[in-house]
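Student: Numbering (our numbering), first residue to last: 480 to 603. Idealized CB from N, CA, C, for every residue including glycine. Every value quoted in this text rests on a predicted model; they were computed, and no experiment measured them. Submitted below is the structure of interest, expressed as structure tokens.
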Amino acid sequence: RSTVDQASPQQEPTQPRLLQPSQPMSSPTRLFAADDSENTLRRTIRDLEETRDKLSTALVRAEQRASSGDSANGELADLRKKLAAATEVIGEKEETIDELRADLADIKDILASQQDELAAAIES
480 RSTVDQASPQ QEPTQPRLLQ PSQPMSSPTR LFAADDSENT LRRTIRDLEE
530 TRDKLSTALV RAEQRASSGD SANGELADLR KKLAAATEVI GEKEETIDEL
580 RADLADIKDI LASQQDELAA AIES
């Protein structure tokens, strides 16, 4: 096998369960689902970063072979494309994590205000 095949991930990462506004969930349930989604995305990013690093290493090796006269130009171009794609996917996943963090903060605020309202209703 070539280094390109070895650098490819063995299996597709699982897609995280994203919260949809229309889902009828209680606040604690949504909180745990958002936290689970963030953890899943973090694992996916870690896996993608490992793939990016492997591709980067393979790219360096291919560039060294190409500069020494080997006919690795096709492999080099392919590795560059794969590295660019892996870097783009990582960026997209990081954006999704940022969005989930904002959603999680909103849910925590809603939960806290509901708890305050409940406490005030109980006291009166």
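What does a CB cutoff of less than 8 Å around R580 pick up in its chain, not counting 5 residues either side in sequence?
Tutor: For R580, where only same-chain residues beyond five positions count, the Cβ hits under 8 Å are E517.
Student: Within its chain, find whatever has a CB closer than 7 Å to the CB of L558; leave out the 5 residues flanking it on each side and keep chain order.
Tutor: Excluding positions up to five away in sequence, the list reads V483, L534, A537, L538, A541.
Student: State buried or exposed for E574, treating a residue as buried only when at least 16 other CB atoms are found within 10 Å of its CB.
Tutor: Exposed, by the Cβ-count rule.
Student: Mark A565 as exposed unless 16 or more other C-beta atoms lie within 10 angstroms of its C-beta, in which case mark it buried.
Tutor: Buried, by the Cβ-count rule.
Student: Please say whether R521 and I576 have beta carbons closer to each other than 9 Å?
Tutor: Against a cut-off of 9 Å, the Cβ pair of R521 and I576 comes out as a contact.
Student: Please report the Cβ distance between I569 and R544, rounded to the nearest whole angstrom; I am assuming they are in contact, meaning their Cβ atoms lie under 8 Å.
Tutor: At roughly 26 Å, the Cβ-Cβ gap does not stay under 8 Å, so I569 and R544 are not in contact.
Student: In or out: D515 buried (at least 16 other Cβ within 10 Å) or exposed?
Tutor: Exposed: under 16 other Cβ atoms inside 10 Å.
Student: Which term fits K560, buried or exposed, when burial requires 16 or more other beta carbons within 10 angstroms of its beta carbon?
Tutor: K560 is exposed by the Cβ-count criterion.
Student: For S606, which three-state DSSP category applies?
Tutor: Beyond the ends of the chain as shown, which are 480 and 603, falls residue 606; an answer cannot be given.
Student: Here's the rule: buried if 16 or more other CB atoms are within 10 angstroms of the residue's CB, otherwise exposed. What is E554?
Tutor: It is buried - the Cβ of E554 has at least 16 other Cβ atoms within 10 Å.
Student: Express the C-alpha separation of Q593 and E602 in angstroms, rounding to a whole number.
Tutor: Distance between the alpha carbons of E602 and Q593 is about 14 Å.
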